[in-house]
Amino acid sequence: MHQLLGLNLLFLLSQNRVSEFHTELERLSARDIQTNIYIKHPVSLEQYLMEGNYNKVFLAKGNIPAESYTFFIDILLDTIRDEIAGCIEKAYEQIQFGEATRVLFFSSPKKMTEYAKKRGWSLSPDGYYSFTSQQQRTEEVTIPSTELAQQVIEYARQLEMIV
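According to mature numbering (1 follows the signal peptide of the UniProt record, and there is no 0), the residues represented by the sequence shown are -20 to -1, 1 to 143, in order.
Okay, structure coming up:
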């Protein structure tokens, strides 16, 4: 019974349904949460996720309480990897192949190459993945400063009239 409850908790985590995860946890006794290995494992994973300690989540794959957990762990790891990749695309203009492999927790360069191809990343001859062109970056960074200044001045006038 506890194994099925643990699998359900892991399923909810893998689908990023954290509120439902916590609702299910509330139905369990504190003793079960702290002592039962099948329940404790998903609870630990959720804690690692909330801390942003993805390294421990990836290491937890080797320490699963039952073989049936593998399916949902793999889904969870893919979800984490996709989230990290999305952040990389937004935060960096480019990233070195080796660094991307490390940050995305790939065990081999081949797996990194397959994943990059799936995401539409292209590898430059100097070993970097590039995400956006300079023109796109410039368009995103442009701030309508004149309009913003006019709006602030108008707010100040209205505030002055109120006072």
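Each residue gets a CB set at the ideal place from its N, CA and C atoms; glycine is no exception.
Because the structure is a prediction, the values reported are computed rather than measured.
Query: Look at the alpha carbon of T93 and the alpha carbon of W101, and state the distance between them as a whole number of angstroms.; Result: 9 Å
Query: From the DSSP output, in three-state form, read off L(-11) for me.; Result: helix
Query: Compare the Cα-Cα distances from L(-11) to each of M(-20), Y18, A10 and report the closest residue.; Result: Y18
Query: Using 10 angstroms around the beta-carbon of N16, count the other beta-carbons present and answer buried if the total reaches 16, otherwise exposed.; Result: buried
Query: Under three-state DSSP, which class holds Q(-6)?; Result: coil
Query: With distances taken between CB atoms, is the gap from L84 to Y95 smaller than 9 Å?; Result: yes
Query: In this structure, how does DSSP classify S24 when only helix, strand and coil are distinguished?; Result: helix
Query: Could you tell me the distance, in whole angstroms, from the CA atom of I55 to the CA atom of G42?; Result: 15 Å
Query: Following the continuous beta strand (DSSP E) through residue 150, name the residue where it begins and the one where it ends.; Result: Look at the range of the chain in this structure, -20 to 143, and you will see that residue 150 is not part of it.
Query: Look at Q131 and A46 and say whether their C-beta atoms are less than 9 Å apart.; Result: no
Query: Go through the region 41 to 81 residue by residue and report every complete run of the beta strand (DSSP E) that reaches 3 residues or more, in order.; Result: 74 to 76
Query: Could you name the residues of the same chain whose beta carbon sits closer than 7 Å to that of T81, not counting the 5 residues immediately before and after it, in chain order?; Result: P89, M92
Query: What did DSSP end up calling E127 once you bin it into helix, strand or coil?; Result: helix
Query: Per DSSP, which residues does Y108 bridge with? Please list them.; Result: Q76
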